[in-house]
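Note sheet for the following structure.
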Amino acid sequence: MKYELVAGFETHIELSTKTKIFCGCTTQFGGEPNTHCCPVCIGLPGTLPKLNREVVRYAIKAGLAVHGEIAEIAKMDRKNYCYPDLAKAYQISQLYAPLIIGGYVELSNGRKIRLHHIHIEEDAGKLIHKHGDTYVDYNRGGVPLIEIVSEPDIRSIDEAKEYVERLQQVMRYIGVSDCKMQEGSMRCDVNISVRPEGSEKLGTRTEIKNMNSINNIAKAMEYEFERQTDLIESGGKVVQETLRYDDASGTTSSMRSKEDAHDYRYFRDPDLVTINISREEVEEIRASLPELPAEKFKRYTEELGIPEKDAQLLTKYRKISEFFDEACEGVKSAKSVSNFIIGQIFRRTETEADKEQFDVAVKPKQLNELVKLLDSGKIRNNLAKSTLEKMLDSGKGALDFISEADMGGVDDNALLELCKAAVESNPKAVEDFKNGKEKALKALVGNVMKNSRGKADAVAAEAKIKELIG
Amino acid sequence: MVTREDVENIALLSKLFVPEEELDGLTKSMQEIIDFADAINNAPADGEGFDNINNLSNVYREDEVVPSYDCKEILCNAPEQAEDHFLVRNRE
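Protein sequence lines correspond, in order, to chains A and B.
The first sequence finishes on residue 470 if you use my numbering, and the numbering steps up by one all the way, no holes.
The second sequence finishes on residue 1092 if you use my numbering, and the numbering steps up by one all the way, no holes.
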């Protein structure tokens, strides 16, 4: 029998506000242990948490970016559990009235992964286990998080990977989080089950906790899918439990089963008052959102005629798409701008980190000038390419490398003369071409390009030469 | 029913020392507290507005950093500490 994978995600994302969710301590990553703390975030008795306004705004932004509905009334709840990563023995979170309801993330195959809700909560401290004891650092305790809870709509590992990438991309675009999985500012819990293909009924699920890289998510899901399928095939039953994934062995192991699952005894936090979100505020935040990657992708492919594959590269990071947009202003051929970015410029921003920074020597305006010269027919593509290389080396503008004499192109008469000259001075190439060596033609065209200093139209030159010797 | 053992247990969890002669009195007091909570639980409160009787909403802080405490101050009440961390001993 063939089995289908069913998965849902709970994704924790640290918001990049300056201060923690309930106190004024910094949210900076790292720092000496227990130096970003105060009585509120280490949970001393008698302290009063006060909600950071910016956390609410960031969460609303995040909610709007994934098409969620912003609640009119939201409340904070206490989730009780006793573990040293939380000094208070409860985490302030939202259960009964979360800030954002619903929403979805659309994948490239057109499927929409529905979201159940998004809530805000505080992060826990960091535990270091050594010498058999536990060392606690509360610097991260109280850093604001949003938790994005999806419906079990994911049907493959590729969809899972894309879902996480899309969230990462959109949250970075709107600037609410840097979503660095390696630093823990984005972490996923994966709920996964299997069922016979075609079945509508959900199977018993397991939950893999705290995945901190897309690679590990894929590997853990693959392992868990195989494990559950094998178990069912051999007549066994999947047990609902919480698992941890071990990177070294590539396997999952049980943390706790349903029987000893926590009862968190959630209740309304009496220290924190009701959050009322006015519709005016929501609209104000909506208006402040930048154009989102999905919208950009649509515009690039549908209005500018950029191929989908290229549009994906251009929209992957906000800085690249902004560079592209600025360089496109008033140009006829957005495709040329795109080709220069994906060709010449990407060769100099090789790593993903470089692409995300997109700190290149040529400014968008300078690329814009170059493409306009190309648009107007004043220079040819070859010259534009070599000029761009020089611009990238030096940071100077196009006109520093292209003289008046270079511009103006080559008219038909001049082209004919150049082609004649090429044919006359390269009898061997002409001979080779006549004997069926197509490649020899390239040498002749190359000669024309060289003698015209790149100004000639290579396609027209090729046609002309064929005419002359054909 | 609150028992003497419950009180002993809660005292242990709260890291409080309760002398033997106070146990009976505390057991009675704790029972009264539970009864009081039960009475409140039984009061009709299905209507609106019971979770926000002072009608406060949107009490916010601005996102401005204030200096944190010195690590020594943060750790000064810790039962045990090591290398600027709170130390939790493994009981085994």
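The C-beta atom is built at its ideal place from N, Cα and C for all residues, glycine as well.
Just so it is clear, the structure is predicted and the values come from calculations on it, not from any experiment.
Alpha carbon to alpha carbon, how far is residue j from residue i? Give it in angstroms, no decimals.
| i | j | result |
| --- | --- | --- |
| A:Ser249 | B:Arg1089 | 29 Å |
| A:Lys442 | A:Glu462 | 8 Å |
| A:Ser156 | A:Ala7 | 8 Å |
| A:Lys434 | A:Val459 | 19 Å |
| A:Asp269 | A:Met76 | 6 Å |
| A:Asn451 | A:Leu418 | 7 Å |
| A:Asn447 | A:Arg348 | 29 Å |
| A:Pro316 | A:Ser150 | With the sequence shown as reference, residue 316 of chain A is identified as Lys, and Pro is not the correct amino acid for it. One C-alpha to the other measures close to 22 Å. |
| A:Ala220 | A:Gln240 | 16 Å |
| A:Asp457 | A:Ser336 | 16 Å |
| A:Asp489 | A:Leu231 | Residue 489 of chain A is absent from the model: chain A starts at 1 and stops at 470. |
| A:Tyr163 | A:Phe9 | 9 Å |
| A:Lys126 | B:Phe1086 | 11 Å |
| A:Thr19 | A:Gly175 | 15 Å |
| A:His117 | A:Glu72 | 14 Å |
| A:Lys455 | A:Glu303 | 30 Å |
| A:Lys201 | A:Ile120 | 31 Å |
| A:Leu292 | A:Ile192 | 29 Å |
| A:Ser108 | A:Lys161 | 12 Å |
| A:Ser403 | A:His67 | 51 Å |
| A:Cys179 | A:Leu145 | 11 Å |
| B:Asn1054 | B:Glu1005 | 39 Å |
| B:Thr1050 | B:Glu1073 | Correcting the residue type first, residue 1050 of chain B is Phe in the shown sequence and not Thr. C-alpha separation (whole angstroms): 39 Å. |
| A:Thr387 | A:Lys363 | 14 Å |
| A:Pro49 | B:Val1066 | 14 Å |
| A:Ala334 | A:Glu322 | 13 Å |
| A:Asp375 | A:Asn215 | 43 Å |
Residues in its own chain within less than 6 Å of residue i by CB, not counting five upstream and five downstream?
| i | result |
| --- | --- |
| A:Ala311 | Phe297, Tyr300, Thr301 |
| A:Gln357 | none |
| A:Met186 | Ile13, Cys179 |
| A:Arg318 | Tyr173 |
Just reading off the alpha helix (DSSP H) that residue i is part of, what are its end residues?
| i | result |
| --- | --- |
| A:Ser288 | 279–288 |
| A:Leu418 | 412–425 |
| B:Met1030 | 1023–1042 |
| A:Asp393 | 381–394 |
| B:Asp1006 | 1004–1013 |
| B:Leu1075 | 1071–1075 |
| A:Lys309 | 308–315 |
| A:Val331 | Taken as a continuous stretch (DSSP letters only), A:Val331 belongs to no alpha helix (DSSP H), as it is neither H nor E. |
| A:Val448 | 439–451 |
| A:Val149 | Where A:Val149 is concerned, there is no enclosing alpha helix (DSSP H), although the beta strand (DSSP E) it sits in stretches over 144–150. |
Could you please give the first and the last residue of the uninterrupted beta strand (DSSP E) stretch that includes residue i?
| i | result |
| --- | --- |
| A:Val6 | 3–14 |
| A:Cys188 | 186–196 |
| A:Val105 | 104–106 |
| A:Asn368 | First-last for A:Asn368: 364–375, but that is the alpha helix (DSSP H), not the beta strand (DSSP E). |
| A:Asn80 | 77–80 |
| A:Glu162 | Careful: A:Glu162 lies outside any beta strand (DSSP E), inside the alpha helix (DSSP H) at 157–173. |
Under 8 Å Cβ to Cβ from residue i, same chain only, skipping five residues before and after it: list those, please.
| i | result |
| --- | --- |
| A:Leu51 | Ile21, Phe22, Met76, Leu272, Ile275 |
| A:Pro196 | Met1, Lys2, Tyr3, Glu4 |
| A:Val430 | Val423, Ala440, Leu444, Ile469 |
| B:Met1001 | Gln1031 |
| A:Val194 | Tyr3, Glu4, Leu5, Val6, Gly203, Phe225, Gln228, Thr229, Ile232, Val238 |
My assumption, with CB atoms under 8 Å, is that residue i sits in contact with residue j. Please give the rounded CB distance.
| i | j | result |
| --- | --- | --- |
| A:Leu367 | A:Ser338 | Not really, about 11 Å apart at Cβ, beyond 8 Å. |
| A:Gly397 | A:Glu369 | 6 Å |
| A:Asn139 | A:Gly236 | Contact doesn't hold; Cβ gap of about 44 Å is too wide. |
| A:Thr35 | B:Ser1068 | 6 Å |
| B:Val1007 | B:Thr1027 | 5 Å |
| A:Ser213 | A:Gln182 | 7 Å |
| A:Thr229 | A:Leu243 | That pair is no contact at about 16 Å. |
| A:Val371 | A:Ala421 | The pair is not a contact, with the Cβ atoms about 31 Å apart (cut-off 8 Å). |
| A:Thr47 | A:Cys188 | Not a contact, Cβ separation roughly 32 Å. |
Beta-carbon within less than 7 Å of residue i's beta-carbon, same chain only, minus the 5 sequence neighbours each way: which residues are those?
| i | result |
| --- | --- |
| A:Asn80 | Ala89, Tyr90, Tyr264, Arg265 |
| B:Glu1080 | Leu1087, Arg1089 |
| A:Pro84 | Leu127, Thr134, Val136 |
| A:Phe324 | Leu314, Val337, Ser338, Ile341 |
With a threshold of 7 Å (Cβ to nearest heavy atom), would residue i be considered close to the ligand NAP?
| i | result |
| --- | --- |
| A:Ile214 | The ligand content of the structure shown is nil, which means the ligand NAP is not present either. |
Residues of the stretch 246–276 of chain A with a CB closer than 9 Å to any CB of chain B: list them in chain order, please. Arg268, Pro270, Leu272, Val273, Thr274, Ile275, Asn276
Listed from N- to C-terminal order along the chain, which residues in the stretch 1042–1074 of chain B have their beta-carbon within a distance smaller than 7 Å of any beta-carbon of chain A? Listed in sequence order: Asp1051, Asn1052, Leu1056, Ser1057, Asn1058, Val1059, Tyr1060, Arg1061, Glu1062, Asp1063, Glu1064, Val1065, Val1066, Ser1068, Tyr1069, Cys1071, Ile1074.
Determine which residues of the stretch 40–58 of chain A have a Cβ less than 7 Å from any Cβ of chain B, and write them out in chain order. Ile42, Lys50, Leu51, Asn52, Arg53, Glu54
Compile a chain-ordered list of the residues in the stretch 21–37 of chain A whose CB is closer than 7 Å to at least one CB of chain B. Answer set for the stretch 21–37 of chain A: Gly24, Cys25, Thr26, Glu32, Pro33, Asn34, Thr35, His36, Cys37.
The stretch 1003–1037 of chain B: positions lying closer than 7 Å to chain A by Cβ: none
Which residues of the stretch 79–109 of chain A have a Cβ closer than 7 Å to any Cβ of chain B? Give them in chain order. Cβ contacts with chain B: Pro84.
Taking any Cβ of chain B, which residues in the stretch 135–159 of chain A have a Cβ under 8 Å from it, in chain order? Tyr135, Val136, Asp137, Tyr138
What residues in the stretch 161–195 of chain A have a beta carbon less than 8 Å from any beta carbon of chain B? none
Taking beta-carbon pairs under 9 Å, can you tell me which members of the stretch 369–384 of chain A lie near chain B? none
Mind checking the stretch 3–23 of chain A against chain B and listing, in chain order, the residues whose C-beta falls within less than 7 Å of any C-beta there? Thr17, Lys18, Thr19
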